[in-house]
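S.K.: Handing you this structure, nothing more for now.
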Amino acid sequence: MGNEEIKTKITELLAASAFDESGEWLNITVSSQDWFSFASQLRNDETLYFDHLFCLTCIDFKTNLTMVYHLSSTKFRHNIVVKSVLDITKPEIETVSSIWQTANFHEREVYEMFGVNFLNHPDLRLLILPDGWEGKNPMRKDFEDPINMIKL
Amino acid sequence: MFIVNYIKEVLSAVRSLLVGLRRTGYYFTHHKEIITEQYPDNRDTLKMADRFKGEVVMPHDEKNEHRCTGCTACELACPNGTIKVITKFDISPEGKKKKAIDKLVYHLELCTMCNLCVVACPSDAIVMAQTFEHSVFDRASLTKILNNPDSKIMEGVE
Amino acid sequence: MVEEIGNTTEGDLIINVGPQHPATHGVLHLIITLNGETIKKVEPHLGFIHRSIEKMCESLSYRQFIYVTSRMDYLSSHINNHACALTVEKGLQIEVPDRAKVIRILMDELTRIASHELWWGAMAMDLGAFTPFFHAFRERESINDIMEETCGARLTMNYIVPGGLMQDIHPNFQKRVKDFLSLYKSKIHEYDELITGNIIFQNRMKGVGYLSPEDAISFGVTGPAARGSGVSCDIRKLYPYDGYENLQFDEILETAGDSFARYMVRIREMQQSVRIIEQLIDNIPEGDFQTKTKAVLKLPKGEFYTRVETARGEFGVYIVSEGGTTPYRIKFRSPGFSNLSALDKMARGEKLGDLVAMMGTLDLVIPDIDR
Amino acid sequence: MWSLSSISNAIHTWLNETFNPTWAMIFEMVIVGVCVIGLFAVLGLVLVIMERKVAAWIQIRLGPNRVGPKGMFQSMADTVKLLVKEGMTPNGVDKFLFNLAPLIAMIVAMLLMAPIAFAKDFVMWDLNIGVLYVTAVSSITVIGILMAGWASNNKYSLMGAMRSGAQIVSYELSAGLSILTIIVFTGSLNISDIVLSQANGWWIFKGHFPAIVSFVIFIIAVTAETNRAPFDLAEAESELTAGFHTEYSGMKFALFFLAEYINVFIVCAIGATLFLGGWMPFHIGNWEAFNHIMDYIPSGLWFFGKTFFLIFLIMWFRWTFPRLRIDQLLNLEWKYLLPISMFNLLLATALAILGWHF
Chain A
1 MGNEEIKTKI TELLAASAFD ESGEWLNITV SSQDWFSFAS QLRNDETLYF
51 DHLFCLTCID FKTNLTMVYH LSSTKFRHNI VVKSVLDITK PEIETVSSIW
101 QTANFHEREV YEMFGVNFLN HPDLRLLILP DGWEGKNPMR KDFEDPINMI
151 KL
Chain B
1001 MFIVNYIKEV LSAVRSLLVG LRRTGYYFTH HKEIITEQYP DNRDTLKMAD
1051 RFKGEVVMPH DEKNEHRCTG CTACELACPN GTIKVITKFD ISPEGKKKKA
1101 IDKLVYHLEL CTMCNLCVVA CPSDAIVMAQ TFEHSVFDRA SLTKILNNPD
1151 SKIMEGVE
Chain C
2001 MVEEIGNTTE GDLIINVGPQ HPATHGVLHL IITLNGETIK KVEPHLGFIH
2051 RSIEKMCESL SYRQFIYVTS RMDYLSSHIN NHACALTVEK GLQIEVPDRA
2101 KVIRILMDEL TRIASHELWW GAMAMDLGAF TPFFHAFRER ESINDIMEET
2151 CGARLTMNYI VPGGLMQDIH PNFQKRVKDF LSLYKSKIHE YDELITGNII
2201 FQNRMKGVGY LSPEDAISFG VTGPAARGSG VSCDIRKLYP YDGYENLQFD
2251 EILETAGDSF ARYMVRIREM QQSVRIIEQL IDNIPEGDFQ TKTKAVLKLP
2301 KGEFYTRVET ARGEFGVYIV SEGGTTPYRI KFRSPGFSNL SALDKMARGE
2351 KLGDLVAMMG TLDLVIPDID R
Chain D
3001 MWSLSSISNA IHTWLNETFN PTWAMIFEMV IVGVCVIGLF AVLGLVLVIM
3051 ERKVAAWIQI RLGPNRVGPK GMFQSMADTV KLLVKEGMTP NGVDKFLFNL
3101 APLIAMIVAM LLMAPIAFAK DFVMWDLNIG VLYVTAVSSI TVIGILMAGW
3151 ASNNKYSLMG AMRSGAQIVS YELSAGLSIL TIIVFTGSLN ISDIVLSQAN
3201 GWWIFKGHFP AIVSFVIFII AVTAETNRAP FDLAEAESEL TAGFHTEYSG
3251 MKFALFFLAE YINVFIVCAI GATLFLGGWM PFHIGNWEAF NHIMDYIPSG
3301 LWFFGKTFFL IFLIMWFRWT FPRLRIDQLL NLEWKYLLPI SMFNLLLATA
3351 LAILGWHF
């Protein structure tokens, strides 16, 4: 399915989505409230069928946090990128680990590295950082570790 | 037939085991297949590949001259601060000030042998040496000064 | 029994496998809940070798950050470097010379064979057969020698730069590769005799650690682990890069989904890599090995994503650029991280002894998981 | 001809002439004890270096080659290292049982040495139920292993010990049944009698098909009984780090290690005695000249040659095969080895009754 068709299809599903076609793949921006229902539609819709979440990450833009989901369909081989802008002071978004099970680990990673709180996540604990980690989230831009970070 | 299948199963299993035993038995009796390198003993004959990245060195010719202009391209190219170029100003015979290196400090303990400094060098002043036995008892001795004492820049290198 | 699995009850044994354990091949920590010998739950605990490479790359320039990626999946470091170079080239819109493309693919495939060789030996060792490890190293050693001669290093080569290659190939390269191919072909039947055909090995592998295709996709499992479940996911075929589209090779698919299928995928994949090398080794085009690039690379503002197929699965590089000389944010989608998340699903209800077989067939490289 | 029995007889006579019989007996016991401990040490050293060399050559390596000529004294250096290491007893273990377990493993191995005929008329205790004694005593090994596993207060050790318990108990069966096959032919449990009954040919040749089958089963079963790969589940190091001896170090570990090798030696000696004629030279029917030449080779050499051949077989297995899983291990015993060996015993009995063996 080409980008145009995906666009019309997605507009049917979610009218409030914003598109950006400057990159390699179609970028869709959704609000964090709409994300979970939109995600399950992307996964379950017979013509879209985005069943493979191959990358889940977060970007700290200092003014906001942006969740980035790279989705692909193993049936139709089309890819899209879904973004959701979160509030930096209280980043919260619904988990998608019930839709794509790989999101479980990736969301745990984002949780500890960026401090994004995933609502309804089954097992939101520290995965990489040592137990009892306190302080800021290491991948945020304002993170400073005077002991271990070497500035060149 | 249950019994026939049972016997067939046993026989094919035994056969697969015997095939493996034959292969290991072959290596047990054929000692010329041994591939062990007796490393510290074969030091004399050991020859490293001529591109092997062992450490960064600065070649000097017989007149104790090198090719480094002190442009700090290597220092900028280095991803982890391995190289520090300390420059000074030489006074040339005509009385002009000329920039030259005082010391080129190289931290072998930080180096990852990525070759980026050698590629970045515009005057081919530094190259990769093929040495690989870098272990020492004192970490301070891994910090090296690449240019020889009293060395000068080669004529014609800009 | 089945209902009980997943809930810890009194009498369950909780054992820690790792961070120091012979089977984890690195510092992976698995907390395993056992009922007798049967696994009820596997819970990975990561971070023992986390170096935050993504954060490090944010302060390195586009030339410099490539060498760090060798330290992630150190067994397919070449392919990681390749992916990074491709992303930067995509951003700069540089066309790489044909010669460089061909050499990159040759190096990728040699790396893939070397990685699978090591996997084969290490996995046999996990199952208690020590001899194959040394036999695998004999072949792997000759690949490492080729790498040493051309790239100057054996494991973390850093041979690929944005725009092409760091150096041209060594004059001996083609001859050495052909020598390796003939050595490999003369020894490949031994793999079968020692391990693949062995009845004990087959019983240990067949029907163990089943992963359904749906689960494989849902867990984001890629590479040979997913192809063992019949999921077509070879990036070289689906989204070809650097000239893979012109080559004749098959995507290996097995449908059984058990450990043995994943094992066979890798064994057969090595032969496909040999096939690719054979097609290219005599046809390296003449020309430059590098295009001229600016001294300081600046990616335009935007986002760039590249997917490549490493020995372990799909490796993705996601660069967010603000137009500066360093990436604003970089994300490495490592195959091992997703593959590991499926381990719990696969291992439940199996025996403890099979856990090492499953970990072996997932081919976990811990720095790749932790990054 | 020179033989060990003449020496032992001379010592016996001299002792009885010089001292009263009680003291002579005590001195003889001391001599035997010293000999056994010496044999233990030598066997341990030889078998360790042998294993390392076999492993190295199979794995296209050179193996130990630094200590002594061709690395022959490597195992001595290892022993010295183990001796000078601190014998740790971790906190939280059952101290008494923890320290007792390696001794039990060792004592069992020593006890097993008693009825073995090392050469012609050279046996410590010519017991009339020798074979039965060996099978009975060798099953005590499992107590040492269980004790070590339980006392270590370590989950890995406990699992290793439990596996080992299940394994040894079940493989005793088929080992016993395959020994019975030979007992049926000889009609005697006395090891000397069994050896003498093979004067005109070893049982593996005389016993037709059943003897060969029971030989194969015996080798498999004793490999499992001594916890050697591919049946080394009790110490499967990729699963249980080191199994029942995870917590042991220094000399206590060395005792387990030594006991394993001595057990291998003893089961191979039993195998050589039962199937390959013990110290009996290789004889072929009516070839008088050939048989005569064979008689010139000392009987001790025959015994050790056969035993070491079997030990080599077991080492060869170890370095070739992957490990079995615990349920497959028990399947192999109960579904394959046990039925086959029972059927085989039936066949052997029929042969023995009909007198069809030579």
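Residue numbers (this note's numbering), protein chains in the order written: chain A, 1 to 152; chain B, 1001 to 1158; chain C, 2001 to 2371; chain D, 3001 to 3358. For glycine and all other residues, C-beta sits at the position ideal for the given N, C-alpha and C.
What's the gap between the Cα of Gly2164 (chain C) and the Cα of Phe2315 (chain C)?
M.R.: 20 Å
S.K.: Taking Leu3062 (chain D) as the query, report the chain B residues whose CB atoms sit under 7 Å from its CB, ordered along the chain.
M.R.: Ile1034 and Thr1036
S.K.: Residues of chain D with CB under 9 Å from Asn2144 (chain C), in chain order?
M.R.: Going along chain D, no residue has its Cβ under 9 Å from Asn2144 (chain C), so there is no contact; the nearest lies around 17 Å.
S.K.: Using the Cβ count rule (16 or more neighbours within 10 Å means buried), how would you classify Ser3006 (chain D)?
M.R.: By the neighbour-count rule (16 or more Cβ atoms within 10 Å), Ser3006 (chain D) is not buried but exposed.
S.K.: Looking at the C-beta of Thr1045 (chain B), does it have a partner C-beta in chain D at a distance below 8 Å?
M.R.: no
S.K.: Please return the same chain residues whose Cβ sits closer than 6 Å to the Cβ of Phe2304 (chain C), not counting the five positions on each side in sequence.
M.R.: Thr2087, Lys2090, Gly2091 and Ile2319
S.K.: Quick one: does Lys3155 (chain D) have its CB under 8 Å from some CB of chain C?
M.R.: yes
S.K.: I need the DSSP call for Asn1042 (chain B), collapsed to helix, strand or coil.
M.R.: helix
S.K.: What residues match up with Asp20 (chain A) in a beta bridge as DSSP calls it?
M.R.: A:Asn27
S.K.: Using 8 Å as the limit for Cβ to Cβ distance, is Glu2089 (chain C) near chain A?
M.R.: no
S.K.: Within its chain, find whatever has a CB closer than 8 Å to the CB of Trp133 (chain A); leave out the 5 residues flanking it on each side and keep chain order.
M.R.: Glu112 and Leu126
S.K.: Hey, how far is the Cα of Val3264 (chain D) from the Cα of Leu3324 (chain D)?
M.R.: 19 Å
S.K.: Just the Cα atoms here: how many angstroms apart are Lys2331 (chain C) and Phe2130 (chain C)?
M.R.: 38 Å
S.K.: For Phe3360 (chain D) versus Gly3160 (chain D), is the C-beta distance shorter than 8 Å?
M.R.: Because chain D is modelled from 3001 through 3358, residue 3360 (chain D) falls outside the range shown and cannot be assessed.
S.K.: Establish whether the CB of Pro1079 (chain B) and some CB of chain C are separated by less than 8 Å.
M.R.: yes
S.K.: Closer than 8 Å, CB to CB, is Phe3321 (chain D) near chain B or not?
M.R.: yes
S.K.: What does Gly2152 (chain C) touch in chain B if you count any residue whose Cβ is under 8 Å from its own?
M.R.: Ala1049, Arg1051, Phe1052, Lys1053, Met1113, Asn1115 and Met1128
S.K.: What first and last residue would you give for the beta strand (DSSP E) that runs through Thr2306 (chain C)?
M.R.: Gly2302 to Glu2309
S.K.: Which partner residues of Ile80 (chain A) appear in the DSSP bridge assignment?
M.R.: A:Leu26 and A:Leu71
S.K.: Rounded C-beta distance between Glu2149 (chain C) and Arg2112 (chain C)? I'm assuming under 8 Å.
M.R.: At roughly 19 Å, the Cβ-Cβ gap does not stay under 8 Å, so Glu2149 (chain C) and Arg2112 (chain C) are not in contact.
S.K.: Please confirm whether His2170 (chain C) has its beta-carbon closer than 8 Å to some beta-carbon of chain G.
M.R.: Given the protein chain composition of this structure (A, B, C and D), no chain G is represented.
S.K.: When Cβ atoms are compared, which residues of the stretch 1061–1072 of chain B fall closer than 9 Å to chain C?
M.R.: none
S.K.: Between Gly135 (chain A) and Phe2219 (chain C), what straight-line distance do the alpha-carbon atoms span, to the nearest angstrom?
M.R.: 31 Å
S.K.: Check for me: the alpha helix (DSSP H) holding Glu107 (chain A) runs from which residue to which?
M.R.: Ala103 to Phe114
S.K.: With Gly3300 (chain D) as the anchor, note down where its alpha helix (DSSP H) starts and where it stops.
M.R.: Ser3299 to Arg3318
S.K.: Helix, strand or coil for Lys3081 (chain D), going by three-state DSSP, please let me know.
M.R.: The answer is helix: DSSP assigns Lys3081 (chain D) an H, G or I state.
S.K.: Please list the residues of the stretch 2190–2209 of chain C that have a C-beta atom closer than 7 Å to any C-beta atom in chain B, keeping them in chain order.
M.R.: Glu2190, Glu2193, Leu2194, Gly2197, Asn2198 and Ile2199
S.K.: Whose C-alpha, out of B:Cys1117, B:Ala1120, B:Val1057 and B:Lys1084, is nearest the C-alpha of Ile1101 (chain B)?
M.R.: B:Lys1084
S.K.: Within 8 Å (strictly less), CB to CB, does Ile2267 (chain C) reach chain D?
M.R.: no
S.K.: Of all the beta strand (DSSP E) runs that stay within the bounds of the stretch 1049–1130 of chain B, which reach a length of 3 or more residues?
M.R.: Segments of the beta strand (DSSP E) lying fully in the stretch 1049–1130 of chain B: 1055–1057, 1083–1091, 1097–1107 and 1127–1129.
S.K.: Under a CB-based cut-off of 8 Å, is Leu2060 (chain C) close to chain B?
M.R.: yes
S.K.: Can you pull the chain C residues whose beta carbon is under 8 Å from the beta carbon of Asp1123 (chain B), in chain order?
M.R.: The question names Asp, yet the displayed sequence has Ser at residue 1123 (chain B). Simply none; closest approach about 15 Å.
S.K.: Grab me the residues of Asp2126 (chain C)'s own chain with a C-beta within less than 6 Å of its C-beta, minus the 5 sequence neighbours each way, in chain order.
M.R.: Here the set comprises Ala2023, Val2356 and Gly2360.
S.K.: By DSSP's criteria, Asn2016 (chain C) is part of a beta bridge. Which residues make up the other side?
M.R.: Paired residues: C:Ile2031.
S.K.: Please identify, using Cβ separations under 7 Å, the residues of the stretch 2018–2048 of chain C that lie next to chain A, in order along the chain.
M.R.: Leu2046 and Gly2047
S.K.: Of all the CB atoms in chain D, is at least one closer than 8 Å to the CB of Arg2138 (chain C)?
M.R.: yes
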